[in-house]
Amino acid sequence: MIELHAFDDQRAQSDALAKAVGDALHASLAAQAAATGAAMTGASATGTSATSTSTTGTSAPGARQAMLAVSGGSSPRPFLQTLSTQAFDWARIAVTLVDDRWVPETDSASNAQLVHATLLQNAACNATFWPLVDTAEDLHAHVAALNADPRFAAVPDVAILGMGEDGHTASIFADAPEWDHAITTAGHFVAVHPGSAPHARVSWSLSALKQVKHLFLLISGPRKMDVLNAAAASLQKNAISQLANDKGVRLDVYWSAN
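Going from the sequence shown to our numbering is simple: count from 1 and add 346.
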């Protein structure tokens with residue numbers, strides 16, 4: 347299901363999306379605190395111990411942070427800068443990426459570099475960052491390690507997607523040889539070699555994205571709205587259509603005319 351939020355310009359779009367993401371993160375942290383409280387109550391009743399997370403943001407060892415996954419590219423830059431100024435307990439937020447190119451973080455094509463320069467500033471400088479790329483390792487071995495990493499045992503609580511004019515989102519490209527695997531695997535991460543874009547990629551899988559509770563799409567301009575409308579009208583061989591036509595997925599689209 348698509349819920350459209352339309353704006354005249356990117357400033358209004360960025361402000362509204364930053365507020366929505368902040369609200370979603372607050373809700374995720376509150377839900378975790380409630381679940382931890384219930385576990386502590388149950389543990390007290392049985393005489394066992396439980397790890398706790400206080401409502402003030404002080405986390406006991408082992409407490410789970412809320413996970414926020416963001417996209418790279420030029421489009422999200424204003425939004426990421428706006429989000430970095432939002433005042434809440436960033437120390438309880440783990441920031442990661444929806445996808446990244448298989449390049450060192452020093453490379454200008456690195457989404458991790460973009461996140462450090464835009465989001466992990468200001469109030470958000472206290473957030474934890476979990477990268478997806480380590481080019482010192484073999485790509486496929488690294489993806490296997492990510493799939494076994496306990497930090498990523500759960501999908502992100504909140505994810506902000508982008509979309510290409512070919513309908514790809516994350517790095518789930520229809521022209522990649524890994525297309526079938528990327529849209530069917532139960533694993534959270536996939537390696538992707540796009541046919542029409544440079545660099546190998548690491549991406550969250552389609553099944554993982556479908557499980558994200560608070561899923562947002564950030565796009566601008568009439569061309570991308572046309573692509574989205576066509577993708578939603580009937581099931582196509584592109585990732586955004588796979589999401590838009592899944593009745594179990596809510597996709598909040600933040601679109602600006604300019």
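Backbone N, C-alpha and C define an ideal beta-carbon position, used for all residues, glycine too.
Sequence-distant residues of its chain with Cβ nearer than 6 Å to residue i (five each side left out)
i    : result
H351 : Y600
I616 : Because residue 616 is not part of the residues shown, which for the chain are 347 to 604, the question remains open.
D598 : E349 and F562
L353 : Rather than Leu, the amino acid found at residue 353 in this sequence is Phe. Cβ neighbours of F353 beyond the five flanking positions: Q359 and S602.
P540 : F519 and A522
S542 : D521
L414 : I439, V441 and V504
N591 : L581
A381 : none
P424 : Q356 and S360
G418 : N457 and L460
V558 : V501, P502 and A505
CB contact below 7 Å: residue i versus chain C
i    : result
V461 : Protein chain content of the structure displayed is limited to a single chain, and chain C is not contained in it.
Supposed close pair residue i, residue j - CB separation, criterion 8 Å
i    : j    : result
M347 : V501 : Not a contact, Cβ separation roughly 18 Å.
L492 : F535 : 4 Å
H514 : N457 : Their Cβ separation, rounded to whole angstroms, is 14 Å, which puts H514 and N457 out of contact at 8 Å.
D446 : L478 : 5 Å
I506 : V416 : 5 Å
N472 : A437 : 5 Å
L429 : A470 : 7 Å
Within 7 Å, strictly: CB atoms of residue i and residue j
i    : j    : result
V504 : H560 : yes
A433 : Q411 : no
D369 : N604 : no
N468 : T431 : yes
V449 : A455 : yes
R497 : W476 : yes
I586 : A577 : yes
T464 : L426 : yes
A537 : H486 : yes
V444 : A516 : yes
Beta-carbon proximity list for residue i, same chain, < 7 Å, skipping 5 on both sides
i    : result
Q588 : I529 and L552
G533 : N493 and S551
D480 : H488
T531 : S551 and S553
Residues of its chain near residue i, where Cβ-Cβ distance is below 8 Å and the 5 sequence neighbours each way are ignored
i    : result
K556 : L589, D592, G594 and V595
S421 : G508, L564, I565 and S566
A571 : It should be noted that the sequence gives Met, not Ala, for residue 571. The answer, listed in chain order, is I565 and W601.
Q459 : E451, T452 and D453
R569 : E511
L609 : Nothing in the structure corresponds to residue 609, since the chain is present only between 347 and 604.
Query raised in the report: So does the stretch 537-551 actually touch the stretch 358-365, counting three or more Cβ pairs closer than 8 Å?
Result: no
Query raised in the report: In chain order, which continuous runs of the beta strand (DSSP E) of length 3 or greater are located wholly inside the stretch 545-580?
Result: 547-550 and 560-566
Requested in this report: Could you name each continuous alpha helix (DSSP H) segment of 4 residues or more that falls completely within the stretch 501-538, going from the start of the chain to the end?
Outcome: 525-530
Report task. Scan the stretch 415-484 and note each continuous alpha helix (DSSP H) run of 4 residues or more that stays entirely inside, going in chain order. Result -> 423-429 and 457-464
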